[in-house]
Amino acid sequence: MALRAALAVLALLSGLVPASAAERAAVARPNTPVPPDFYPIASDARLGGDGGRTRLVLDLSRTIEIAAFTLADPYRVVIDLPQVTFQLPARTGEQGRGLIKAFRYGLVMQGGSRIVVDASGPVRIDKAFVLEAIDNQPARLVLDLVSTDRASFMRNLALAAKPRRAPETKPAEVAKHPNDGRPLIVIDPGHGGPDTGTIASSGEMEKAIVLEFAQALSEKLQKSGKYRVTMTRDDDRFVPLGERVRIARAQGAALLVSIHADALASRREGDVRGATVYTVSDSASDDEAARLAEQENKADAIAGVDLSAEPEEVADILIDLTQRETKNFSAHFARAVVGELKNAAKLHKHPLKSAGFKVLKAPDVPSVLIELGYVSNKQDLKLMTSDTWRERTSHALAQAVNTYFSTRLAGSSPQRGTN
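In the numbering used here, each number is its position in the sequence shown, counted from 1, plus 5.
Shown next as C-alpha cells:
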C-alpha cells in the first residue's frame, strides 16, 4: 500500500496529471472504494487524415488536463493524462492510419494513465487539447500530428523541456515487508498498462494472462506460510524494467520470478509450443533466446519511457553480472522449475535457455524468466487461459520454489533476506 500511495503522490506533485480535490483524496487512500464512474471514462477512439496530417480523437465522459510530447527511435508521441477508465472496443489502436501506425493505452501509476502513439516517421504535434462536451456530444481529446523531417523532429525534441519518463519510486520508497526470517519472493508479471505484451489472434493479451498466473502463484506461496511475497504489479499498470529490478534489490529478495508468454509471428511457427525457463547471460543460448530478450527489453520504449535517462544503477548491474554465485543460484532454480513443470505443463523442446534480459540483471538476487507458452499456438493459448491448467502449473512452480530453498538450506551459503 505504501508503494501505491507514493506513486499517487508523485503523480499529483508532478503537475502532469492535475486532479480535483476528490481525486487527490482517492489516490492518497487507494483502498477507499470509489464508484465505477469516479474516473473519466474513455468510450471510443478513431483516426482520420493521411500521411501529411493525421488526427486521433478519444471520446471522454468529461474534460481532463493532458500533456503531450514526442520521443525518438522509435518515433512516438506520448500523452500523459489523469487516471482514466478505458472502455474502448476490443482491439482499439491495433490498426493505424496515416502518420499513426498504432497506439496503446493504460495505467502507468495510481492516478495517472498514458497513451503511446507509434508514428510511421518523424512527426510534429500541431495540436493537443480537450474539447468540452456540447450538444449531447461527449468531451473529446484531440491530437493532431503533421509530417516533418528528422532534422526538424530532433531539433524540436532538443528544444523541448527535459525529457519525461514514467514515474518511478526510489528504493527507499518501496513498501517493505517486515523481515521475519522467511525468504522474500518477488513475482514479476510482465508488461501491463500501455504495454500489452504479445497478443493472440483471438485478442487475448499477454499482460492479462501472466497477471492471473502470477496472482495464483502468489496465493499458493503465501498460503504455504514459508515465504513473504511481493508482486511488482498486482493490477493492469506499467512498471519500468529498472523499477522491477529495484523492487527486488531494495527489499533484499531471495528470488525474483518474472512471468511472460511468447508469440511467433510466422504461421509456420504455429506448432512451436511449450514453457521455457530463462536465466541471464551475456550471450544468448540460441537465436530464439536472443530474439525474445531483445523484444522484452523494449518494454520501456513501448510504454513511452525515456531510455536516455536510465539510472546509472543499470550500468552497475551490467558490470556486476560477473557475480558467479547469483548466476549459479539462478541456474539451480531454473533446473528445479523444469523438473517440476515437466509433470504439469507442456515444455518447449529446449526448456532451459539464457539471454540478456534486463529484468534478470540484479547482481545479488537469483532471477529467472518463465515463458508459460506461446499465445501464437492455439493449444498453448487454450491451456494458459484455463483455470485448471493455471491451478496445476502454479502449484508445480510453487513446488519448484520449495525444492530450491530446501536444497539451499541443506548445503549452500546463507540466503539473502533470512539473516
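Beta carbons: idealized from backbone N, C-alpha and C, even for Gly.
Asked	Found
Opening and closing residue of the alpha helix (DSSP H) in which residue 385 lies	383-389
Local conformation of residue 85 per DSSP, three classes	strand
Length of the line joining the Cα atoms of residue 266 and residue 55	35 Å
With 16 other Cβ atoms within 10 Å as the buried cut-off, status of residue 252	buried
C-alpha distance - residue 250 paired with residue 145, whole-angstrom precision	38 Å
Straight-line Cα distance separating residue 152 from residue 283	42 Å
contact_flag[the stretch 293-312, the stretch 330-349] where n(CB pairs < 8 Å) is 3 or more	no
Buried versus exposed, by CB contacts within 10 Å (16 or more), residue 382	buried
7 Å Cβ cutoff met for residue 208 and residue 95	yes
Reduced DSSP secondary structure (H/G/I, E/B, other) of residue 179	Only weak support exists for where residue 179 lies, its pLDDT of 46 falling under 50; the coordinates are left without a value.
Chain-order list of residues whose beta-carbon lies under 8 Å from that of residue 394 (same chain, five-residue window excluded)	350 and 388
Ranges of the alpha helix (DSSP H) found wholly within the stretch 202-239, counting only runs of at least 4	211-229
Residues that DSSP places opposite residue 265 in a beta bridge	376
Where residue 132 falls, given that 16 or more other Cβ within 10 Å makes a residue buried	exposed
Residue of 204, 122, 340 and 237 minimising C-alpha distance to residue 76	122
Span of the alpha helix (DSSP H) around residue 69	Neither: residue 69 is in no alpha helix (DSSP H) and is coded neither H nor E.
C-beta atoms of residue 241 and residue 112 nearer than 7 Å	yes
Proximal residues to residue 367 (C-beta, below 7 Å), its chain only, five neighbours per side dropped	250, 253, 254, 261 and 322
Close beta carbons around residue 422, own chain, < 7 Å, minus the five adjacent residues each side	Residue placement at residue 422 is flagged as unreliable, the pLDDT there being 47, under the threshold of 50; the coordinate-derived value follows with that caveat. Taken in chain order, the residues that qualify are 184, 188, 189, 257, 258 and 259.
Residue 298 (DSSP reduced to helix, strand or coil)	helix
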